[in-house]
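Participant:
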Amino acid sequence: MWMMVAALGLVACVWVTFGWFTIGNAKRRVWGGLFSLSMTCLFAPLLLVKLGEQYGFIGVQVGLTVLFGLLLGAFFFMALGWTGRPTKVRKVRTLSEDPDLF
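Put into structure tokens, the structure is as follows:
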């Protein structure tokens, strides 16, 4: 039980630190979310197998809980960065600004 609490606390501390690091920078949030999502998907099977070998079923439970926290945080920061990015404003020309338009 203590291992799951410690692992979830570590994941929470990492995401809070990442959130502080990316304040005001939507592009960094998107790239950080993509990077953490790719690393999580790449190394999750190795983590689960190692925890299962070392700690048994409790290790697999802890690994799946941590995996869920990492995936949830990665998708959260990707979505937060994607919605917070500046939108491109398209200039619409009107007849009052450009009489030679027509």
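To convert, note that position 99 of the sequence shown is 99 in full-length UniProt numbering; the numbers rise steadily by one, no gaps. No residue lacks a Cβ here, since even glycine has one placed at the ideal position from N, Cα and C.
1. CB Leu72 to CB Arg29, shorter than 8 Å?
2. If Gly69 sits next to Val16, beta carbons under 8 Å apart, how far is it from one beta carbon to the other, in whole angstroms?
3. Assign Phe77 to one of two classes, buried (16 or more other C-beta atoms within 10 Å of its C-beta) or exposed (fewer than that).
4. Give the secondary structure of Val14 by DSSP, where H, G and I count as helix, E and B as strand, and everything else as coil.
Facilitator: Per the coordinate set shown:
1. The answer is no: Cβ separation not under 8 Å.
2. Actually they are not in contact, since the Cβ atoms of Gly69 and Val16 sit about 12 Å apart, beyond 8 Å.
3. Answer is buried; the Cβ neighbour count reaches 16.
4. Looking at Val14 - three-state DSSP - the assignment turns out to be helix.
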